[in-house]
Amino acid sequence: MTFHSGVVLSLAFVQIFLAAALLAIPYKTHRDLLFGVPVPPGFRSTETGRRALNLFWLWIVIPSLAGLALMILLPASALTVVALLVTPVAGMVGFVALNRKLKPFAIQPSLVRQTTLGPAESLPWFAWLGLGPLFMLAGVAAYLHAHWDQIPLRFPVHFDINGTPNRWAERSVSGVYGFLIFGGEFALLLFGMMLAGWYGSRRSNSMRRPALVVMLAVESIIALLFALVPLQTAGGFRLPIPLMIVLPLVLLIPALAYWAHESNKPRDPVDPTPNECWKGGILYYNPNDAALFVQRRDGMGFTINFGNRRCWLLYAGLILVLASGPLVMQSLPK
Amino acid sequence: MAALVVKVDPASSVPLVRQIVDQLRVLLVEGTLKPGTALPPVRRLATDLAVHFNTIAEAYRQLAAEGWIDLRHGRGAMVVEREAPLASRRDIAGYKRRLRELVSQMRAQGVPAGRIAAELKEIAEGMK
Numbered sequence: 000m001t002f003h004s005g006v007v008l009s010l011a012f013v014q015i016f017l018a019a020a021l022l023a024i025p026y027k028t029h030r031d032l033l034f035g036v037p038v039p040p041g042f043r044s045t046e047t048g049r050r051a052l053n054l055f056w057l058w059i060v061i062p063s064l065a066g067l068a069l070m071i072l073l074p075a076s077a078l079t080v081v082a083l084l085v086t087p088v089a090g091m092v093g094f095v096a097l098n099r100k101l102k103p104f105a106i107q108p109s110l111v112r113q114t115t116l117g118p119a120e121s122l123p124w125f126a127w128l129g130l131g132p133l134f135m136l137a138g139v140a141a142y143l144h145a146h147w148d149q150i151p152l153r154f155p156v157h158f159d160i161n162g163t164p165n166r167w168a169e170r171s172v173s174g175v176y177g178f179l180i181f182g183g184e185f186a187l188l189l190f191g192m193m194l195a196g197w198y199g200s201r202r203s204n205s206m207r208r209p210a211l212v213v214m215l216a217v218e219s220i221i222a223l224l225f226a227l228v229p230l231q232t233a234g235g236f237r238l239p240i241p242l243m244i245v246l247p248l249v250l251l252i253p254a255l256a257y258w259a260h261e262s263n264k265p266r267d268p269v270d271p272t273p274n275e276c277w278k279g280g281i282l283y284y285n286p287n288d289a290a291l292f293v294q295r296r297d298g299m300g301f302t303i304n305f306g307n308r309r310c311w312l313l314y315a316g317l318i319l320v321l322a323s324g325p326l327v328m329q330s331l332p333k
Numbered sequence: 000m001a002a003l004v005v006k007v008d009p010a011s012s013v014p015l016v017r018q019i020v021d022q023l024r025v026l027l028v029e030g031t032l033k034p035g036t037a038l039p040p041v042r043r044l045a046t047d048l049a050v051h052f053n054t055i056a057e058a059y060r061q062l063a064a065e066g067w068i069d070l071r072h073g074r075g076a077m078v079v080e081r082e083a084p085l086a087s088r089r090d091i092a093g094y095k096r097r098l099r100e101l102v103s104q105m106r107a108q109g110v111p112a113g114r115i116a117a118e119l120k121e122i123a124e125g126m127k
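Protein chains in written order, with numbering that gives the first Met the number 0: chain U, 0 to 333; chain B, 0 to 127.
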């Protein structure tokens, strides 16, 4: 198998995995919710409920097959990546369309809420492991500084779909440390989001702990990948591509398995947020709710409360990180 | 000992601030919340109860004005020792009127007078 056909095969696998994950959404969601709409018990087995579920299948399966066909017929083109986006975009549009369709059947979950005045809760100990990736990046920077003379004057840092280098860095401060700084910004943002997720969500939400674990895994993966690029160059070694794919999966799969195990347990009541504060069953806007993160209605964890002004701090951080990415890339000669 | 639970119902005709103040006052009068106990930070309680943080801040301010808690910047809300003030005759008349309304409601629902008296006695003595 050539490198190129391997990449196409991997992308096709990702496409199929995405489609399967999206198809599972209505079945993973709390039984009292359907496409983000709180419905009466047994609604799923009614004709309207069944029809909505069948329609969602069509929303996912047809674009996925079209995307797969595009990947096979037009391989190694920009359309391959576009094909990959078709399924999630169609899934989101389908979800919103069905949310609107089911809204007339919505019931308002009880808004009565209670809490205990117990002792102050502490952050789980493992959340502090989120500082590890930052220390790792700092450690790599220190290593590179100490071995500056061993770094080649010009080294590859980015590769095209065929595995051929297409971006090079020079042995300069921006060339060597740019990736580390970008990775550090990203890791810091994720660590901040971990803390915000813990302190900004309701204690009654049992998914706070799994959310921390997943964020920790994602932060570690990001930091690992950004640390490996300059480290390989300076160290004069190159990790095989399969290992670069397997390493993140080793961190991510257990975290996601824990998440899936903990999600949507029957004991958890639906977060009693007002129906009118949900837009399309996906976006939540409630300025009278102090929570920064609330339970999503599509069964996929948390979402931001856009009515909380503090959410803009997170978005500012995200924009800052995303804006500095192209800056790092532009500083690298083709 | 009563559970340290606070409940809010946005659909109720009673304002949210009053719902919270009333429940916290019960816990304070009964002695469930003892002097020296720290109340949850405003944002924590507001997040858990899905209300605006101003609602909790206002509830804490009202309890502080009644002398139940001490609000200090950076220290949060702390339950303090409180000397029971002397209720005026006018205050007592007001409470009596509210009690009468409540008792008549109970009687209208068929609760026997003896049971009402026993319940009132139990509640009042439990708050000593």
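Where is the CB? At the ideal position from N, CA and C, for every residue including glycine. In this text the structure is predicted, and so the values were computed from the model without any measurement.
In this structure, what does DSSP give as the bridge partners for U:Glu169? U:Arg153
In the segment 45-74 of chain B, which residues sit with their C-beta less than 7 Å from some C-beta in chain U, listed in chain order? Ala45, Thr46, Asp47, Leu48, Ala49, Val50, His51, Phe52
Reducing DSSP to helix, strand and coil, say where U:Lys27 ends up. helix
Within the same chain, show all residues whose beta-carbon is closer than 6 Å to that of U:Val212, passing over the 5 residues directly before and after it, in chain order. Ala254, Tyr257
Could you tell me which chain U residues have their CB closer than 8 Å to the CB of B:Ala10, listed as they occur along the chain? Leu110, Val111
Should U:Val92 go down as buried or exposed, given a rule of 16 or more other Cβ atoms within 10 Å for buried? exposed
Using a Cβ cut-off of 9 Å, pull out every chain U residue sitting near B:Lys6, in sequence order please. Val111, Arg112, Gln113, Thr114
Which residue comes first and which comes last in the alpha helix (DSSP H) that contains B:Asp90? 88-107
Answer with buried or exposed for U:Ser219, where buried requires no fewer than 16 other C-beta atoms within 10 angstroms of its C-beta. buried
Quick one: any contact between the segment 50-68 of chain B and the segment 77-89 of chain B, if contact means 3 or more CB pairs under 8 Å? yes
Is it buried or exposed for B:Met126, if we count other Cβ within 10 angstroms and need 16 for buried? exposed
Output the distance between the C-alpha atoms of U:Leu319 and B:Gln18, rounded to the nearest integer angstrom. 42 Å
Taking the C-alpha atoms as reference points, what is the distance between B:Glu80 and B:Leu23? 15 Å
Chain-order list of residues whose beta-carbon lies under 6 Å from that of B:Ile55 (same chain, five-residue window excluded): Val41, Leu44, Ala45
Within the same chain, show all residues whose beta-carbon is closer than 8 Å to that of U:Asn304, passing over the 5 residues directly before and after it, in chain order. Tyr283, Tyr284, Asn285, Asp288, Ala290, Leu291, Phe292, Val293, Cys310
Apart from the five residues just before and just after U:Pro62, which ones in its own chain have a Cβ nearer than 6 Å to its Cβ? Val85, Thr86, Ala89
According to DSSP, is U:Trp311 part of a helix, a strand, or is it coil? helix
Kindly indicate the opening and closing residues of the alpha helix (DSSP H) around B:Thr46. 41-48
Residues bridged to U:Leu32 (per DSSP): U:Pro37
Measuring CB to CB, does U:Arg112 end up less than 9 Å from B:Asp21? no
Burial state of B:Tyr59, where buried means 16 or more other Cβ atoms lie within 10 Å: buried
Give the residues from the segment 203-215 of chain U that approach chain B closer than 9 Å (Cβ to any Cβ), ordered along the chain. Ser203
Can a CB atom of chain U be found closer than 9 Å to the CB of B:Arg43? yes
Going by the beta-carbon positions, is the gap between U:Asn98 and U:Phe34 smaller than 9 Å? yes
How about U:Thr45 and U:Arg296: do their beta carbons lie closer than 9 Å? no
Determine the chain B residues that contact U:Asp31 at a beta-carbon separation under 9 Å, and present them in chain order. Neighbours of U:Asp31 on chain B: none; closest Cβ ~18 Å, over 9 Å.
Cβ-based contacts, 9 Å cut-off: residues of the segment 280-291 of chain U near chain B: Asn285, Pro286, Asn287, Asp288, Ala289, Ala290, Leu291
Spatial neighbours of U:Ala140 within its chain, please: C-beta separation below 8 Å, excluding the five flanking residues on both sides. Tyr176, Leu179
Check whether the Cβ of B:Pro34 lies closer than 9 Å to any Cβ atom in chain U. no
N-terminal and C-terminal residue of the alpha helix (DSSP H) that B:Phe167 is part of: Because chain B spans 0 through 127 in this model, residue 167 of chain B falls outside it and cannot be assessed.
Whole angstroms are fine: how far does the CA of U:Glu169 sit from the CA of U:Ala226? 17 Å
Below-9 Å beta-carbon distance, B:Pro84 vs any chain U residue: no
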